[in-house]
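Right, one structure below, let's go through it.
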Amino acid sequence: MADEKRPSIIDTRHYPDNLAVSSSDNDERKTPQRDGRTAFFQSFPRSLGQRPLIDYVKNTWGSSRSRPRANSASSSRSSSGKPLRFFLSMISAPKFRRYVLVYIALVASFYIGWSSFLQPILEERAGLVRALDLETMKQVGGWFGTNTRPVFADIVPIRSLDPVLVPASKEGDSGDVQQRRLVFVGDVHGCKDELERLLKEVSFDAEAGDHLVFTGDMIHKGPDSVGVVELARGLKASCVRGNHEDRILLLRSQMKVDGTFSHPENDFNPNDASQRKVARELSDEQASWLQDCPVILKVGQVGGIGDVLVVHGGVVPGVGLERQDLSSVMTMRTIDLDTHVPSASKKDGVPWFKLYNKYQELLSQHIENSVDGLYGSLSGTTTVIYGHDAVKSLNIQKYTKGLDSGCVYGRKLSALVVENGGKQEVVQVKCKKHAKS
1 MADEKRPSII
11 DTRHYPDNLA
21 VSSSDNDERK
31 TPQRDGRTAF
41 FQSFPRSLGQ
51 RPLIDYVKNT
61 WGSSRSRPRA
71 NSASSSRSSS
81 GKPLRFFLSM
91 ISAPKFRRYV
101 LVYIALVASF
111 YIGWSSFLQP
121 ILEERAGLVR
131 ALDLETMKQV
141 GGWFGTNTRP
151 VFADIVPIRS
161 LDPVLVPASK
171 EGDSGDVQQR
181 RLVFVGDVHG
191 CKDELERLLK
201 EVSFDAEAGD
211 HLVFTGDMIH
221 KGPDSVGVVE
231 LARGLKASCV
241 RGNHEDRILL
251 LRSQMKVDGT
261 FSHPENDFNP
271 NDASQRKVAR
281 ELSDEQASWL
291 QDCPVILKVG
301 QVGGIGDVLV
311 VHGGVVPGVG
321 LERQDLSSVM
331 TMRTIDLDTH
341 VPSASKKDGV
351 PWFKLYNKYQ
361 ELLSQHIENS
371 VDGLYGSLSG
381 TTTVIYGHDA
391 VKSLNIQKYT
401 KGLDSGCVYG
411 RKLSALVVEN
421 GGKQEVVQVK
431 CKKHAKS
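When we follow the UniProt record's numbering, the leftmost residue of the sequence shown carries the number 1, and every step to the right adds one.
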């Protein structure tokens with residue numbers, strides 16, 4: 001009969017439960033559902049003979065297969081974009097970015113090291129060598145020191161240290177060689193307490209063969225200039241004239257001439273009040289002892305070091321001691337590379353000790369030839385021990401030894417101890433601050 005229900009031909013064993021199907025059956029007749037399997041089969045159409053079952057399966061592979069292929073133009077564009085995509089993928093890789101950062105850091109470090117350190121050093125060395133070339137002297141019309149220096153009244157230009165005080169050339173274990181020591185002390189500037197502590201630190205003993213040498217500026221700025229001078233006199237120390245001794249001694253003489261030495265109320269220049277105070281505090285004996293300090297002290301030959309000089313400021317290389325400008329020897333800090341003119345300024349040229357060390361280095365290289373010429377008679381190198389330059393502070397180099405370490409400004413007081421055989425040791429003590437730098 002037409003309205004009789006057609007038997008189902010679906011075998012539930014042939015279809016899994018997870019198969020997605022759809023139904024286009026419009027029959028609104030409903031059959032009571034006994035379980036989930038009955039509801040599953042009700043989603044199939046009533047008439048299975050009209051369309052294949054596969055048409056009711058939902059899957060994406062069919063739609064992808066029916067997608068049209070790209071034309072040749074789009075394929076060509078895709079091929080041409082591959083290198084760009086490869087490049088973009090490469091630079092976006094974490095490892096590549098790390099390598100790039102490392103390479104950039106290396107290049108930046110090299111540039112900073114070259115421009116900030118290596119290049120200035122090479123340029124400075126080239127400038128020092130050029131400054132000692134005879135062609136440079138011809139170009140500038142001569143160097144400083146070619147003229148005879150003027151004679152200064154009341155100033156001792158050069159003096160030699162008693163050879164008995166100089167340490168032996170060799171260290172002696174036997175009793176016939178006395179263990180002598182030279183103790184060179186930087187700018188004291190009236191800091192007596194610190195000086196006494198320094199001498200205690202080095203175990204100074206004059207009776208055992210120690211000798212004390214001051215590099216100038218023993219007085220002024222600090223609290224006890226007179227005490228420092230008395231201590232030095234009592235130890236029979238040697239000294240050189242510094243710019244502060246020079247200024248105060250000249251001022252003291254002028255004060256006696258113009259009548260202000262005994263009458264402080266007549267002082268009319270408040271700018272040098274502290275210097276006038278020290279000038280009045282010094283006794284005639286103390287002032288005379290300072291007046292006897294030479295500008296240049298020739299220590300002589302010290303084993304392991306060579307010839308040794310003591311000055312306060314510095315010396316011009318290549319110029320004989322008798323032609324050195326005494327005022328410059330007490331005050332110089334820099335030197336002009338072309339003319340070799342020294343200056344008390346900190347900016348006019350290069351530090352004098354740099355040119356001096358280069359000069360001594362060249363001298364040492366030619367020492368065996370012993371020829372006369374630009375460097376004079378090559379009898380040996382000379383080491384200069386000096387003070388004055390608190391800005392550079394302790395500055396120990398091969399041929400120059402700077403000992404002003406700013407004690408009066410609250411830093412340190414330094415001593416260079418030289419023993420038999422040229423053995424050297426630097427000893428320092430901390431200082432209280434007595435003046436502004």
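Glycine included, C-beta positions come from ideal geometry on N, C-alpha and C.
Taking the Cβ atom as the reference point for each residue, do residue i and residue j lie within a distance shorter than 8 Å?
i           : j           : result
residue 387 : residue 242 : yes
residue 298 : residue 309 : yes
residue 222 : residue 427 : no
residue 240 : residue 195 : no
residue 213 : residue 311 : no
residue 157 : residue 326 : yes
residue 330 : residue 342 : no
residue 167 : residue 180 : yes
residue 159 : residue 294 : yes
residue 399 : residue 424 : no
residue 382 : residue 306 : yes
Here's the rule I'm using: 16 or more other beta-carbon atoms within 10 Å means buried, otherwise exposed. How should residue i be labelled?
i           : result
residue 271 : exposed
residue 236 : exposed
residue 173 : The pLDDT assigned to residue 173 is 46, lower than 50, so where the model puts this residue is not dependable; a value taken from the coordinates is nonetheless given after this. Residue 173 is exposed by the Cβ-count criterion.
residue 126 : exposed
residue 414 : buried
residue 109 : exposed
residue 117 : exposed
residue 11  : Bear in mind that the predicted position of residue 11 carries a pLDDT of just 48, short of 50, making it unreliable; the figure below should be weighed with that in mind. The residue in question, residue 11, is exposed, as its Cβ has fewer than 16 Cβ neighbours within 10 Å.
residue 328 : buried
residue 401 : buried
residue 82  : exposed
residue 1   : Low per-residue confidence applies at residue 1: pLDDT is 44, beneath 50, and the placement is therefore not dependable, though the value from the model is reported in the following sentence. Exposed.
residue 100 : exposed
residue 154 : exposed
residue 419 : buried
Can you give me the start and stop residues for the alpha helix (DSSP H) that residue i sits inside?
i           : result
residue 245 : 243-258
residue 314 : Counting along the chain, residue 314 falls outside any alpha helix (DSSP H), and DSSP gives it neither H nor E.
residue 393 : Residue 393 -> no alpha helix (DSSP H), and no H or E assigned at all.
residue 97  : 94-113
residue 276 : 273-281
For residue i, list the residues DSSP reports as bridge partners.
i           : result
residue 301 : 307
residue 400 : 384
residue 214 : 185 and 239
residue 296 : 158
Considering residue i, what are the terminal residues of the beta strand (DSSP E) in which it resides?
i           : result
residue 385 : 382-386
Return the CA-CA distance between residue i and residue j, expressed in angstroms with no decimal places.
i           : j           : result
residue 183 : residue 245 : 20 Å
residue 21  : residue 85  : Confidence is the limiting factor: at residue 21 the pLDDT is only 46, short of 50, which leaves the residue's position unreliable, though a coordinate-based value still follows. Roughly 42 Å separates the two Cα atoms.
residue 303 : residue 340 : 30 Å
residue 467 : residue 300 : The structure shown does not extend to residue 467, since the chain is modelled only from 1 to 437, so the question has no answer here.
residue 121 : residue 112 : 13 Å
residue 233 : residue 218 : 12 Å
residue 114 : residue 434 : 41 Å
residue 286 : residue 230 : 7 Å
residue 211 : residue 119 : 44 Å
residue 283 : residue 366 : 50 Å
residue 392 : residue 288 : 31 Å
residue 397 : residue 253 : 38 Å
residue 417 : residue 190 : 21 Å
residue 269 : residue 260 : 11 Å
residue 394 : residue 405 : 5 Å
Tell me, please, whether the CB atom of residue i is closer than 8 Å to any CB atom in chain E?
i           : result
residue 274 : Absent from the structure: chain E. Only one protein chain is present.
Would you say the beta carbon of residue i is closer than 7 Å to some non-hydrogen atom of the ligand PLP?
i           : result
residue 409 : The ligand PLP is not among the ligands present in this structure, which contains no ligands whatsoever.
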